[in-house]
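Each remark here refers to the structure printed beneath this line.
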Amino acid sequence: MFDILSPTSPLLIAAVAIDIDGTIFVQMGAFLLVFVILNFVLIKPYLKTLEAREDSVEGSTEEAGEMDAQAAVLRASYDDKLSAARRDAQDVRESLRNQGLAEQDDILEEVRAELHAKLDEERAQIDARVESARAEINDRAQALADAMVQKVLPQA
Numbered sequence: 001m002f003d004i005l006s007p008t009s010p011l012l013i014a015a016v017a018i019d020i021d022g023t024i025f026v027q028m029g030a031f032l033l034v035f036v037i038l039n040f041v042l043i044k045p046y047l048k049t050l051e052a053r054e055d056s057v058e059g060s061t062e063e064a065g066e067m068d069a070q071a072a073v074l075r076a077s078y079d080d081k082l083s084a085a086r087r088d089a090q091d092v093r094e095s096l097r098n099q100g101l102a103e104q105d106d107i108l109e110e111v112r113a114e115l116h117a118k119l120d121e122e123r124a125q126i127d128a129r130v131e132s133a134r135a136e137i138n139d140r141a142q143a144l145a146d147a148m149v150q151k152v153l154p155q156a
């Protein structure tokens, strides 16, 4: 390994080889001239492009935020309209159901009334048949009784 302070060290030899004279000012002037030229030719246009890009991205971000806000408003409006439509549909459904039940009750009442009328008519017919059967039985009983009386009591 090399010792930096030894007189044969490559670093010490290189440091001695650098000579400071008037060319340093020429080199600094050339560097500043190149820097100024590059500043106008490359750096400023690049910074302008970056700034324009940032403005564009920022504008797009703001526009996207506004679109999101509009979408949220539209979604809320859509949800409100959908809820109202569902409520209206439920009301119509309930109204039609109630109307159907009322019609069903009316039809049932008509059928019950018809059945009661037919039942009353059938009962009247049955009562008439029972009455005619009783009358016939009474007539037969009377005839049988007369026949029995004649057989038991011959007529003199």
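Numbering (the UniProt record's numbering), first residue to last: 1 to 156.
Cβ coordinates follow ideal geometry from the N, Cα and C atoms, glycine included.
In the three-state scheme derived from DSSP, where H, G and I count as helix and E and B as strand, G59 is classed as helix. Its chain contains no residue whose beta carbon lies nearer than 8 Å to that of A64 once the 5 sequence neighbours on both sides are disregarded.
In the displayed model, I20 falls within coil according to three-state DSSP, outside both helix and strand. Within the model, the alpha-carbon separation for D91 versus A52 is close to 57 Å.
When DSSP states are grouped into helix, strand and coil, Q27 belongs to the helix group.
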